[in-house]
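Engineer: Below are the structure tokens for one structure; questions will follow.
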Amino acid sequence: MIVNSITSKRDIDFLKQKAREARIEILKMLHRAGSGHTGGSLSATDLVTALYFYKLKHDPINPSWNERDRFILSKGHAAPLLYVMLAMSGYFEKDLLMTLRKIGSPLQGHPSSKLLKGVEVSTGSLGQGLSIANGLALGLRIQGISSRVYCLLGDGEMQEGQIWEAAMTAGHYKVDNLCAIVDNNGLQIDGSCADVMKIEPIFDKWRAFGWNVIEIDGHDMNAIVSAYDLAQTIKGKPTVIIAHTVKGKGVSIFENKVEYHGVSPNDKELETALMELGANG
Amino acid sequence: MANRPSDIELQNIKDTNPEDTLAGKSIATRDAYGAALYELGMRDERIVVLDADLSCSTKTIKFAKAFPNRFFNVGISEQDMVCTAGGLALSGLIPFASTFAIFETGRAWEQVRQTIAYSFLNVKLAATHSGITVGEDGASHQALEDIALMRVIPNMTIIVPSDGYETQQFVKLAAEYYGPVYIRLGRAKAPAVMPSNYKADIAKAYQFSKGSDVCIIATGIMVSEALKASALLANDGISTGVLNVPVIKPLDKETILSAIEGCRLVVTAEEHSVIGGLGSAIAELLSEIKPIKMIRIGTQDTFGCSGKPDELLQSFGLTSQHITNKIKSTLE
């Protein structure tokens, strides 16, 4: 079992280092795959790194450990990020990352729980993860299991009606062992969320559905860690962390570029990216 | 778990003895479901139930009152209900999610496909108000496509009980089986057809009789009509066997092939569109293995309409008389 506790700046530096390593792995695997979702994997890297290397109770040796915390990747297209987290945590060998999207690989374009240990449920069709997270959290609660459930949503995903059905359910049933995280990078495939279908005011929407809402800079590791800790103390309502992020974060040529939503880096882009991230080749 | 009903709650539920058998009782399959669910709840604390604001109609209300901590009404949001059921299954519980068939399979189809079937979650989709016998509510509420919608999804098991007794048994079997199950239930009273010594089995069809001329393969309330048709045809010297196929997927191919052995004609009968349901499943099987003349009784690529259940069955050609006439004219 991995037991995490952040006590000092050194630990924050550790998480930042892990996030940097994760970005390098994500880019390498996407480059090898030749397709996949770059922007939305990089925007959520800091948020999910803090989960896997700080907040989640989990055991890579025993992925089905009943007392584990659960992570549901509702924005399933950020699969490369999830796979890298699992590999870096020790669920499987890092070599497997290079099989992403290849025939016969357990690393499907979108996560499959039937094929890969550590993936809680298959996702990829947007809008369904928050309902699943609710069910899991309610199920754990009535069985007296104190585990928590974390669910990562995209901002564009909030355009799916089912998200608000689930938001209502979580508020109604006071699902306080649930923490949703919105990767608010402002972009979706067809352009900016504001242009395609306005989702603001995000804060007010969630609050109106009965949620405790925390707003943070989704790349400030201190703020991320504090938000997860704070969420755990809130009783009687679910918490959502609205994390303001930059799509393609960490690599200047990808940052805030809508073109890199579903495009993987080519040879030259990978070289530039690895240089910026300080990777040794 | 602290989910056992209190003594006071138990005192309020006296109308069904958990050990009561529904053999020989002509009741709606939704009523049998409500009773069976309650029995299951008494015996197994892993059973949880979800509904989308129709608990009085789907009959999950009985479970809801007895086990309020294990019942989740999600309001009028079927897509949320299906995925929430998926989450409950992931936590190790056995959820039954109920609403009307058209909403469970139609509105939430992609949720069933992606979350429940693709992940192979242990969720039981128990839907009521299937078919034309929904009656007065009309076409918007009459699911004639639900079997087709569930049949195309890999990993899905589809159960269509013919009467209350068969429902009672299959609800328990569904809970014992690990994996996604769709149970199709009805609103109107279903005539009792299954014998009291009947033992339901997910892998088995039930043969009432073997015919040398015709085999009627029926499911749901059409089993009763098939049995009546078989008797009518006997008067005319046409030997007609009847096979009840309660599990549309996976099909019990062995029993089906043996039931049609020696017959000149195979007739399927279902309270569902002839496109994609039992008729299609049998036609797919026989066309590849044993081509034979077939008639598919069901709704003919059309929506339903308002009316009394009996009037509708008559109007849409879902009666024993209609089956009999069809068979006679085909054999002439």
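As given, the protein sequences belong to chains U and W, one line each in that order. Taking this note's numbering, I'd label the letters of the first sequence as residues 1 to 281. Taking this note's numbering, I'd label the letters of the second sequence as residues 282 to 613. Note that beta-carbon positions come from the ideal geometry of N, C-alpha and C, so glycine has one too.
1. By alpha-carbon positions, which one of S400/W, D312/W, A481/W ends up nearest to S379/W?
2. Under DSSP, the beta strand (DSSP E) around Y260/U begins and ends at which residues?
3. For I132/U, go through chain W and note every residue whose CB falls closer than 8 Å to its CB, in chain order.
4. Name the residue from T245/U, L270/U, R10/U, Q128/U whose alpha carbon lies nearest to the alpha carbon of S74/U.
5. One question on the structure: do I375/W and I440/W come within less than 8 Å of each other, judged by their Cβ atoms?
6. Is the beta carbon of S131/U closer than 8 Å to that of T365/W?
7. Over the uninterrupted beta strand (DSSP E) stretch that includes E457/W, give me the two end residues.
8. C496/W and L524/W look like a contact to me (Cβ under 8 Å); what is the Cβ gap, rounded to whole Å?
9. Going residue by residue through the segment 195-241 of chain U, where are the continuous alpha helix (DSSP H) segments of at least 4 residues, counting only ones entirely within it?
10. Taking K174/U as the query, report the chain W residues whose CB atoms sit under 9 Å from its CB, ordered along the chain.
11. Please decide whether E157/U counts as near chain B, where near means a Cβ-Cβ distance under 8 Å.
12. Taking Cβ positions, are A153/U and P238/U nearer each other than 8 Å?
13. Please name the residue in S477/W, K509/W, S520/W whose C-alpha comes closest to that of D494/W.
14. When DSSP labels each residue in this structure, what does P376/W get in the three-state scheme?
15. Curious, which full-length beta strand (DSSP E) runs of at least 3 residues does the segment 42-82 of chain U contain?
16. With a threshold of 8 Å, are at least 3 pairs of Cβ atoms found where one atom belongs to the segment 456-469 of chain W and the other to the segment 508-519 of chain W?
17. Tell me, please, whether the CB atom of N284/W is closer than 8 Å to any CB atom in chain U?
18. Could you check where the alpha helix (DSSP H) with F344/W kicks off and where it finishes?
19. Who pairs with M575/W in a beta bridge, going by DSSP?
20. Let me check one thing: in DSSP terms, what residues is L178/U bridge-paired to?
21. Going along the chain, which residues of its own chain have a beta-carbon closer than 8 Å to the beta-carbon of S105/U, five neighbours each way excluded?
22. If you follow the alpha helix (DSSP H) that V462/W is in, where does it begin and where does it stop?
23. Less than 8 Å between CB atoms is the rule here; does M85/U satisfy it with respect to chain W?
24. So who's on the other strand from S411/W, going by DSSP bridges?
25. Measuring straight from C-alpha to C-alpha, what distance separates G156/U and Q188/U?
26. Is there a C-beta anywhere in chain U that falls below 8 Å from the one on V393/W?
27. Show which residues of chain U have a CB atom less than 7 Å away from the CB atom of D361/W.
28. Is the Cβ-Cβ distance between A166/U and N134/U less than 8 Å?
29. I'd like the list of long-range same chain contacts for F584/W, defined as Cβ closer than 7 Å, with 5 residues on each side in sequence excluded.
30. Between K470/W and S307/W, how many whole angstroms is the CB-CB distance? I'm expecting something under 8 Å.
31. What is the DSSP secondary structure of S113/U, counted as helix, strand or coil?
32. Quick one: using the 10 Å Cβ neighbour count with 16 as the cut-off for buried, is P349/W buried or exposed?
33. Applying the criterion that 16 or more other CB atoms from any shown protein chain within 10 Å of the CB defines a buried residue, is D591/W buried or exposed?
34. Going by C-alpha distance, which of E385/W, V462/W, L425/W, F344/W is nearest K405/W?
35. For my contact list, K530/W and R394/W are in at a C-beta cut-off of 8 Å; report their separation, rounded to the angstrom.
36. Rounded to whole angstroms, what's the CA-CA distance from A316/W to P80/U? Just pull it up for me.
Structural biologist: Quick answer:
1. D312/W
2. First-last for Y260/U: undefined, no H or E at that position.
3. C364, T365, G367, G368, L371, T396
4. Q128/U
5. no
6. yes
7. Taken as a continuous stretch (DSSP letters only), E457/W belongs to no beta strand (DSSP E), being part of the alpha helix (DSSP H) at 445-457.
8. 6 Å
9. 202-208, 221-233
10. Going along chain W, no residue has its Cβ under 9 Å from K174/U, so there is no contact; the nearest lies around 13 Å.
11. In summary, chain B is missing from the structure at hand, where the protein chains are U and W.
12. Checking the sequence shown, residue 153/U turns out to be Leu, not Ala. Against a cut-off of 8 Å, the Cβ pair of P238/U and L153/U comes out as no contact.
13. S520/W
14. strand
15. 70-73
16. no
17. Summary for N284/W: the model assigns pLDDT 42, below 50, so the residue's position carries little reliability, and this model does not support an answer.
18. 342-347
19. V547/W
20. V149/U
21. L96, T99
22. Premise fails: V462/W lies in the beta strand (DSSP E), 462-465, not in any alpha helix (DSSP H).
23. no
24. A424/W
25. 6 Å
26. no
27. S131, Q162, E165, A166, T169
28. yes
29. A420
30. 6 Å
31. coil
32. exposed
33. exposed
34. V462/W
35. Not confirmed; about 14 Å, so no contact.
36. 47 Å
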